[in-house]
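The sequence shown lines up with residues 1 to 95 when you count with the numbering used here.
Data block below; observations after.
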Amino acid sequence: MIAKVDLEEVLQVAGRNGDFAEVFMERSVQTRVSMEAGKIERVISGRDQGTGIRVGAAGENTAYGYTTDLTSKLGEKSASPRNGTGYHPTFVENQ
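Printed below as a string of structure tokens:
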């Protein structure tokens, strides 16, 4: 289950660092079964999850921070295009 996140709080904190903000959250579960000659040869299952936040300032850079830890306080660690801060180490800043 995806941890409960207060998106209003995340966007409010991010809004202090820029003029706009957007949040993307995803979690998917996959199962792959391979058969040969009518026999199950392999079963592979996996889970992908992540959260990203993009913050922009009018006429300035856009900053993007992301994590695979859905329990993190992403709002508190939100990216700032104005001062180059973000959630490290997985932080990317677009120029």
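Ideal placement from N, C-alpha and C gives every residue a C-beta, glycine not left out.
- Query: For residue 19, which of 64, 62, 61 and 56 has the nearest alpha-carbon?
  - Reply: Looking up residue 19 in the sequence shown gives position 19. Looking from the CA of residue 19, the closest CA among 64, 62, 61 and 56 belongs to 56.
- Query: Taking the alpha carbon of residue 41 as the point to measure from, which residue in 47, 63 and 33 has its own alpha carbon closest?
  - Reply: On the sequence shown, position 41 is the one that residue 41 refers to. When each option's Cα is compared against that of residue 41, the closest is 33.
- Message: Just verifying my parser: in three-state terms, what is the DSSP assignment at residue 14?
- Response: Reading the sequence shown from its first residue, position 14 is the one you call residue 14. Helix, per DSSP.
- Task: Tell me whether residue 26 sits in a helix, a strand or coil according to DSSP, three-state version.
- Result: Position 26 of the sequence shown, counting from 1, holds the residue named residue 26. Correct three-state label for residue 26: strand.
- Assign residue 60 to one of three DSSP states: helix, strand, or coil. As a position in the sequence shown, residue 60 is number 60, starting the count at 1. Residue 60: coil per DSSP, three-state reduction.
- Near residue 22, what residues of its chain come up, given a Cβ to Cβ distance below 6 Å and the 5 sequence neighbours on each side ignored? Numbered from its first residue, the sequence shown carries residue 22 at position 22. Result list for residue 22: 54, in chain order.
- Leaving aside the five residues before and after residue 31 along the sequence, list all residues of the same chain whose C-beta is less than 6 Å from its C-beta, in chain order. The residue you call residue 31 lines up with position 31 of the sequence shown. Once the five neighbours on either side are set aside, the close Cβ partners of residue 31 are 45.
- Message: Distance check for residue 29 and residue 59, CA to CA, integer angstroms please.
- Response: The residue labelled residue 59 in the question sits at position 59 within the sequence shown. The residue labelled residue 29 in the question sits at position 29 within the sequence shown. Counting only the Cα atoms, residue 29 lies some 39 Å from residue 59.
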